[in-house]
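Inspection log for the structure reproduced underneath, given as structure tokens.
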Amino acid sequence: QTPMYQEFVREKIEKGQRASALVGNIYTGSIFLSLMSLLETELAEGHAPEHLTIGFCSYGSGSKSKVFQGRLQSGWKKIAGRFKLFQTLAERKAIDFETYEELHRGNLKKSIRAPKNEFFLKEVSESPNLYGKRIYGYAQKTKAAYPMFCI
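Residue numbers (the numbering used here): 1 to 151.
Quick look at the structure:
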């Protein structure tokens with residue numbers, strides 16, 4: 001933990017890791033959560049870099065890794081302004097271990113939180129030809145409960 005390394009983390013990594021610290025390990029998906037975290041944080045802090053080149057790197061279990069770069073396009077502020085990532089994370093609902101197990105096993109047939117303005121898992125197929133196929137829906141400005149779960 002040299003001062004040079006700590007400065008590198010503070011300047012190049014930390015803003016992208018704020019959301020991950022709240023979510024936990026989502027494997028390769030963490031790249032995109034990190035991008036959202038970085039952009040929302042930059043916007044909130046009044047920074048507006050244009051055409052910035054961003055390096056992406058993740059490593060997960062099973063020797064899966066991703067390394068690539070992207071270029072920030074103009075108009076990113078309008079999109080990042082709609083994320084509301086940290087607000088969404090602050091509104092999470094804590095669940096107990098039993099509920100987690102029921103969700104994990106697919107036994108829970110009712111939503112623990114009614115989705116609104118978001119995609120949700122509507123169904124997991126059990127038919128022989130489509131077994132395990134996940135079917136998603138989109139809930140738009142409603143508080144109605146859905147038959148499957150959404151966390």
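Ideal placement from N, C-alpha and C gives every residue a C-beta, glycine not left out.
- Counting the other CB atoms within 10 Å of its CB gives Ala90 a total below 16, which places it among the exposed residues.
- For Glu14, the closest C-alpha among the options Tyr131, Ser37, Asn129 is that of Ser37.
- In the DSSP secondary-structure assignment, Gln6 is not bridged to any residue.
- Using a Cβ distance threshold of 8 angstroms, Leu130 and Trp76 do not count as a contacting pair.
- Residue pairing by DSSP places Gln69 opposite Gly55 in a beta bridge.
- Secondary structure of Gly132 (DSSP, three-state): coil.
- Relative to the Cα of Gly46, the nearest Cα in the group Gln17, Ser58, Gly81, Tyr27 belongs to Gly81.
- Looking at the DSSP output, Phe119 shares a beta bridge with Tyr138.
- For His51, the closest of Gln73, Leu33, Lys66, Ile31 by C-alpha to C-alpha distance is Gln73.
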